[in-house]
Every structure is written in structure tokens, then in C-alpha cells.
Amino acid sequence: MESSNPFPELKPALAIDQALSEASRCLYCYDAPCTRACPTHIDVPAFIKKIATGNLRGSARTILQSNVLGASCARVCPTEVLCEGACVMHDVQKKPIQIGQLQRYATDWAMSHGMKPFEPGPRRAGRVAIIGAGPAGLACAAELLRLGYEPQIFDAAATPGGLNTTGVAEYKMTSEFALREVGWLVEAGVKIKSGVRIGVDVQLADLERQFDAVFIGVGLGKVGKLGIPGEELDGVVEAIEFIEALKVRRAQARIGRHVVVIGGGNTSIDVVTQARALGADEVTLVYRRSADEMPAYKHEVELARASGCRFVYQAAPLRIVGRERVEAILLSPMLMGAPDASGRRRPEPAPGEPLTIDCDMVVAATGQEKHLALLEMLPNVKLDHGRVLVDERTMQTSNPRYFAGGDCVSGGQEVVNAVAEGKRAAVGIAAHIEALGGGVRLEVARG
Amino acid sequence: MADLKVNLAGIQSPNPFWLASAPPTNTGDQIMRAFDAGWGGAVWKTLGEPIVNVSSRYSTVDMNGQKMMGLNNIELITDRPLHVNLREVAEVKKRYPKHAVVVSLMVESKREKWHEIVKATEGAGADGLELNFGCPHGMSERGMGSAVGQVPDYACQITSWVKEVAKTPVIVKLTPNVTDVVYPARAARKGGADAVSLINTINSITGVDLDTFTPRPDVGGRSAHGGYCGPAVKPIALNMVSSVAKDGEVKLPISGIGGIASWRDAAEFMLLGCTTVQVCTAVMHYGFRIVEDMIDGLSNYLDDKGFRSVNEIIGRSLPSVSRWEELDLNYKIVARVDQSKCIGCGICYAACTDGAHQSIAARPEHGRTHVEIVESTCVGCNLCSLVCPVDSCISMVRVDTGRPPLTWKQFQEDPSAHKHLGPHNAH
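So the protein lines, in turn, are chains A and B. Quick note, the first sequence lines up with residues 961 to 1407 if you use this note's numbering. Quick note, the second sequence lines up with residues 533 to 959 if you use this note's numbering.
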């Protein structure tokens, strides 16, 4: 069994004839809706036209200029709700152009034909410390290099790439591919120091001395505690660790026979579908609100449904029971009350008997915690409910030398949003450095 | 059901669909299978002195994932012995007496050579002869094919030699590789031809391999120009057919050739004056089976239009083919967009603004491009409706200019008619 891959690709790569005929279907819209829908504003009709003409180098360059992580975004983007969702083909009762698949075709070609993801620009004075080697940090670093500056990424994890490496459902993108893409950026000039914890291995004061600006792209942490009795039992895990374990240590990943997943976001869906793929007999997704309010994308929910997952709505975990290992979870039925700050109805415990589900594994996917310990260390950087506050045009924080982007700002969005923010921050940082008359600190440091 | 039987200069055919002289008519076996599939006639692949062919022989123009928009070939006439072909002609004629078996011929420009082959072919039972004065590659270098068709005097001369001995109808196949196809057509008539067929293939190089730098098709690192056919040549063929059909001197029945792939194409050729149509590329692409829908579709079309015989549509569109100077300068149409159908792709805007007359206004709306026609400057060119990917989203509608019809010809004859020209064409 170990030799067979339990996570075959959901969408296998297009063959050349498939890519050409799909590219030929594109209408080449003017001021195209797909381009507007993309957070990084890739010129989609242009790159597709280039595939159709056999100009793959130009196609890949068009993509990578806008989105240096175009290869992983081609795999992990929820294109159904972004570019492909905006495709005008929907309105003529035709299938939207497979933009993600075409983007993969062009970027795969680039990676396998010795093309560079970007070219560093003429050198300018200015050094930037980037905290976090996830999509936001990588995009920021690449853009700074393009602009001529010298970024240095510090990452606490042993391997770079952030959630691209450890947190994406395996049937969308493998860790191996994510690391290959990071390696591609490193070859082009991105510098990463892995296993470096800020405040432990390196002090912020040191960074401030050596660098002109600091970019925070630390993302989010693990899923928080459910805060219910029985959580310490063997067999209760949190989603981020669960996904990382099965991606990085696939063979050892332990899977229950009946898995209960708590939470209604896209991470829950990733857990559900992969748990089924790993051999769980039954998987139940528990969500405290109703189906209509579930934040997971519709196409993702369909995936879960197709994998045979059972959905229990309007139920919240009350208690996990078992001797040493999980044996069952008790759920409280919920009522939908008045709308809360998010505009969604607030779930409230309903009278009645708790529901008991026998299970031998519980995965919590109820939302990731913020890296508060680190964020609160940042001098004069204002937070809002644990999120870093920024000027959205420049991604500058309340401390002018600090910029931020990605999940630590948004609270959790797509890879493509993190890339857009990292890139925007790079432009903001460049403007900040130039406004100060260039990379003064660098020159002083170099004496 | 409408009658599809036609008669081209005495050659009877159960329907107007013939196979053109080409690879699909290389053998008796192919032609008999074609007749079984429904083809009404076939023009045998050109007989003549034995030749040797090269490899490769074909190349194409593909477009947007669509294969074979245009087909180019450098294949020569038949490479099978004459006696074998003639034996098969006799066999086909014996087994399919009601189908039209026409044989294409091409020999050296010598009177006795032509006499010989005409007699032998008619002896085998052919219903008619087609003189190949059109093949533009290979044979033309040897003074045959288009080398004859391009010189009206030669075409006339050889036609008259053939007519000295021929007992069956003689069709002269014309080359499009001339400045005006009407002249060789008139020469064919002068030589005594009973009908003409057109067009033969057009001189072509379909492309160059960007890695080897050799044009296609590649014959060991070299290439030669070939003959172009297929859907891409249809508009050229339709124009040449109509100019021959309208000519006051030619006055011969026409067998139309050039990119015919469906009953619609066939109907268009017939409306412009053809009695039969000949097909090659579409069969080389999809096989003989395509004739089923050609017959079915044409028949249903004729029924829908109330025609009892296919002969009623022959030449029916010719009266409306006129000179530019006879067109009404005061006829005016403008574009109208059905906003409920518009998908906001903005293609019409880009086309009109950059490629035509700057008469579409565009603005972003709900993530799409909202377009509006500026009727005051719209010249009614059709471009926006042609590029629009949605059926009947942009329509061209007639607007009354309140001015009397006025042609350029009338205007030249009476300059005072200037006062009847509208502001849109007053400059």
C-alpha cells in the first residue's frame, strides 16, 4: 500500500494538445474580467494567447511578472471563485476557460526549461528583513530583488514555503512541488535562513540595526483549543498539524476509522477529503451554523460530499469522551440567533439532548490562532484582534519601518492574496527607502 | 422530397455531389465505396504517363485548434499504370451504371498523345472527360497542368485536339493561378469545351518549420510549392465561379470546386452557378461518410424553401452579384446591441476602436465591459457583429436615411445627385 499514492492529483496536468485547444477557446476579452478577478491581476488573456501561439516563455513571463508564485497558485487557487468564476463563458452556457490548468502548463514549462522566475534589477542600496518564508514573504523578496534591493528572509520552520509546503491538501499540491518552487526562487536570488526564531535566535533590535525595513509575513499558527473536556485524549488533533503530518510523514500518518472534523472552513474540507483518502471508514463534519453560512467554498463542499463525508449542521462540540483514546464526541444542538458582527446569525445552544457520535479521532479545524507572542514584540506595530493593521495601499504598519502582508494581516486568505500583498509591500518598502534618501543603514553598516 | 438529379453538359448524376480528381479517387475500390456511401459521381485521379511521387506530400494550415483549414499537396497525377486504371474504370461503370464516372486526363501537349488517351478512356466506358489544366506543382514544370491553363491559347488548342476525337462531354478544369480566370474559361469555350470546372489548387507554401527552417512539406530538407485547397480557399473559389458564371462569353455549365465540406457550401456554389460540386479535402479529412449529411441537408433545405428540384437553385444568386458601382450609397444600417445577451467581453469595443470606426463606447460595470453603440458615427460596417461571440447579440438594423437610392455609377453620370448623399458618406 505504501507505494501507491493515496492522493492522486485532482486535476492532472494538461497535455500539449489539450492546452492548445483550451487556449484557443479563450475569447481574448478586452479589459478581461478574469484579470480583474485575480488578486495579482495576471494578464490572463495575454498569457493564454501566448500559449496558443506556442510562446511559452512569454506566457510564463507574463504570469510570473504579476505573480512569482504562479506555479503554486495554478494548483491551489480557488479558480472557481476567482478568474474562472469571472469568465464570460459562463454567460454563453459554456465551460469557463481552464485558466488554472493553462497557468500550470506555462509555469511547469518554465520550471522544466531552465527559465528564471524573475530577473533581479540593477542594484540599489537598501536591505530588507523578511520574517516568514511563506507566500507573502517569498513574493515580497522576489519583488524587492526585481526592484534592486537586498532582502533576507528569516523563517522559524525547518523547511521554507509556509503553508504552501505544509498546509495545502496533497491532491492539489505536494510538499515536494512547493519546495521545488521555493528552490527555483532561491536559485534566482532569494535568500532564506531557515530555523531562525525571532526573539530567540535573532533579536528584533539586531534586525533594525542591519536592515532598512522589516516585512512581517508570519501567517497564522495552529488551530486553537476547542476548550472542552476530553481534549487531551489520544486521538484529538488539530488540523494544521494533521495535514502537515500526512504531507510530510505520510507513511506514519495515523488515521482513525471514524473521524469527526470540527469546523466549516476550507481547511475542514481538506481534512475530510484526505482522511477519506487515507482510509477512514466514516468522516463526519460538524459545523455550528447552518449549511448556508458555512464559509467553505461550494466546490470544496462538493468535493467533501463526493468523498462520502456526512455533514452535521448546527451542532457544537460539548465534550469528548473515552478512557485513554477518543471513543465518542458529544455535540450540543444549536439555534441560530441574532446576526453578529460578521452579519451571520450567532449560534446559540438549543435546549435538548446532546448528540453523541462514536468516533476514534477528532480533528479541530475551527480557525487558526495568531502568533501573538511575536506580533506583540513588534515596536509600535498596532494590532486589531491579533491582526496586524496596515495601510492597504503600501502594506505599511503603524511603525513606518515595518510592513506586513499575508494571513497575519488578513486573518487567513488564499495564497494568491498573500502574494499580492507581499508584492505590494515590496513597492511600499521601496518607496519608503527612497523617501529616506536610499538605503542609509546599509551604507552606514558597511562603513 | 426534392429531386437531386442533375445533368452537367450531358453527364447524368443522381445528385450534385462528386468527388474531385484527387487521392480519394485514386482507385476503383475507393470510388465504389464512395458510391455506396452516396456520392453521385467521381472524377478519377488524373491519368497520364506514369510518374514517381515524393514523400512527404501534404501540409496544412490549422487555426485555433481546428485542423485542416487549408490543405497543401505536392502529389502528382496517378502513379498507377494506365491499363490498371482503365480496367477499374470499366469495372466501376459496369457495377454503377447510373453514377457519373468522369476521368481526369493530362498528357504531353502533343495532339496524338491526347487522341490516344481520350480514345482509351472512352473505350473503358467513362461518362465524360476532365482536362487537367490546373495542377500547379510538379507537372507544370514539365509543361502540363497549370502551364497549359495559364496560357489561354494553349488551353484552347488542347481542348480542340480533344474535341476532335471525344464522344463524351469534355470538362476543362481551370487553374486559379491567373490574374483573371475568365480568360482561360473563354479559351476553353473557344476550343469547344462542354463545361468548365474550377478551381484547381492555388500555388502555396503553408508554412515554415521554425526549428529546421524548411518549409512544409519537408522532403529530406527541401520543399517545393504545392497546391492549396480546403475550407480556406472557398471564398476565392466562389468569386471565380461567379465571375465565370456571369461572363457573357463563357456560357458553359460549371462544376464547382474549392473548400466544399457541407451541403451549405454546396448550395452556395450552386446558387452562384454550379451544376455539380466536387469535394476533396473534406473527404481526405473525414472520409466518404460526410456525403450522407450533404444529401440529407441539401434535400431538407430545398424542401424548406419549396424547391422541387435542385436545378431550381442553380445560378439563383447571380443577379445580386454586381459591381461595386451599382451598390446603393444611401442604404444604411447601424449596429444594435441586445444588452440582455451581452456577456461584457469587450471584444467589439477593441475591434471597433482600433480596427474600424471608433463608434462603440465602453465602461467597466460589475467587473465586465459595458458597451454602447454610438449610432451617430456608426458606418454600419458589420465588424462588431462579426467579432461578437454571442449569437444575435449584435444585430445590424436598417435605418431610413430618407434619401433615394443612389449608386456611384449614377453619381458619376449626374454629379448634381451629390445633394442626395447622406452626411455619413458626404466626405
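All C-beta atoms, glycine included, are put in the ideal place defined by N, C-alpha and C.
Query, Result
"Is residue 1425(A) helix, strand or coil by DSSP?", "In the structure as shown, chain A starts at 961 and stops at 1407, and residue 1425(A) therefore has no counterpart that could be examined."
"Excluding five sequence neighbours on each side, which residues of the same chain lie with their C-beta closer than 6 Å to the C-beta of residue 1336(A)?", "none"
"Output needed for residue 1018(B): all residues of its chain with C-beta closer than 7 Å, excluding positions within five of it in sequence on either side, in chain order.", "Residue 1018(B) falls outside the range modelled here, since chain B spans only 533 to 959, and no answer is possible."
"Out of 995(A), 1005(A), 1365(A), 1084(A), which one is the CA nearest neighbour of residue 1398(A)?", "1084(A)"
"With a threshold of 9 Å between beta carbons, is residue 993(A) in contact with chain B?", "yes"
"List, in chain order, every chain A residue whose beta-carbon is nearer than 9 Å to that of residue 881(B).", "990, 991"
"Enumerate, from N- to C-terminal direction, the unbroken beta strand (DSSP E) stretches of 3 or more residues contained entirely within the region 748 to 772 of chain B.", "758 to 761"
"Closer than 9 Å, CB to CB, is residue 905(B) near chain A or not?", "no"
"Rounded C-beta distance between residue 1043(A) and residue 989(A)? I'm assuming under 8 Å.", "Rounded, the Cβ-Cβ distance is 11 Å, inconsistent with contact."
"At a Cβ cut of 9 Å, what residues of the region 1043 to 1064 of chain A count as close to chain B, listed as they run along the chain?", "1046, 1048, 1049, 1050, 1051, 1052"
"Going by beta carbon distance, what residues of the same chain come within less than 6 Å of residue 813(B), once the five residues before and after it are set aside?", "603, 761, 762"
"Using C-beta distances below 8 Å, list every residue in its chain close to residue 715(B), excluding the 5 sequence neighbours before and after it, in chain order.", "684"
"For the region 559 to 572 of chain B against the region 700 to 716 of chain B, are there 3 or more C-beta pairs whose distance is under 8 Å?", "no"
"Taking the Cβ atom as the reference point for each residue, do residue 1296(A) and residue 1274(A) lie within a distance shorter than 9 Å?", "yes"
"Whose C-alpha, out of 1038(A), 1365(A), 1225(A), 1197(A), is nearest the C-alpha of residue 994(A)?", "1038(A)"
"Is there a C-beta anywhere in chain B that falls below 9 Å from the one on residue 997(A)?", "yes"
"Since residue 980(A) meets chain B, which of its residues come closer than 7 Å, beta carbon to beta carbon?", "597"
"Give me the DSSP bridge partner(s) of residue 902(B).", "895(B)"
"Determine whether the Cβ of residue 876(B) lies closer than 9 Å to any Cβ atom of chain A.", "yes"
"Would you tell me roughly how many angstroms separate the C-alpha atoms of residue 624(B) and residue 560(B), rounded to the nearest one?", "6 Å"
"Using 8 Å as the cut-off, can you tell me whether the region 871 to 889 of chain B makes contact with the region 782 to 802 of chain B, which would need three or more C-beta pairs spanning the two stretches below that distance?", "no"
"Return helix, strand or coil for residue 552(B), following the three-state DSSP convention.", "coil"
"Establish whether the CB of residue 985(A) and some CB of chain B are separated by less than 9 Å.", "yes"
"Under 9 Å between C-beta atoms, does residue 1012(A) make it to chain B?", "yes"
"Where residue 961(A) and residue 1239(A) are concerned, what is the direct C-alpha to C-alpha distance, given to the nearest angstrom?", "Because residue 961(A) sits at a pLDDT of 39, beneath the cut-off of 50, its placement in the model cannot be relied upon, and the following sentence gives the value as read from the coordinates. Taking the straight line joining both Cα atoms gives about 11 Å."
"Assign residue 797(B) to buried or exposed, taking buried as 16 or more other Cβ atoms, counted over all protein chains shown, within 10 Å of its Cβ.", "buried"
"Nearest-angstrom Cα distance between residue 1250(A) and residue 1089(A)?", "44 Å"
"Measuring CB atoms only, is the region 1146 to 1161 of chain A touching the region 1102 to 1122 of chain A, in the sense that at least three cross pairs come out at less than 8 Å?", "yes"
"Report back the beta-carbon spacing between residue 1229(A) and residue 1260(A) to the nearest angstrom; my notes put them in contact at under 8 Å.", "4 Å"
"Just tell me which of 582(B), 583(B), 562(B), 579(B) has its CA closest to the CA of residue 573(B).", "562(B)"
"Sorted by chain position, which residues of the same chain lie with C-beta nearer than 7 Å to residue 1152(A)'s C-beta, five sequence neighbours on each side aside?", "1093, 1113, 1115, 1120, 1146"
"Using the three-state DSSP reduction, which class does residue 854(B) fall into: helix, strand or coil?", "coil"
"Assuming residue 620(B) contacts residue 585(B) under a Cβ cut-off of 8 Å, what Cβ separation, rounded to an integer in Å, is found between them?", "Between residue 585(B) and residue 620(B) the Cβ distance is about 19 Å, and since that is not below 8 Å, they are no contact."
"With a floor of 4 residues, list each alpha helix (DSSP H) that falls wholly inside the region 815 to 890 of chain B, ordered by position along the chain.", "823 to 837, 879 to 887"
"When you compare the CB of residue 901(B) with every CB in chain A, is at least one pair closer than 9 Å?", "yes"
"Can you pull the chain E residues whose beta carbon is under 9 Å from the beta carbon of residue 896(B), in chain order?", "No chain E is present in this structure, whose protein chains are A and B."
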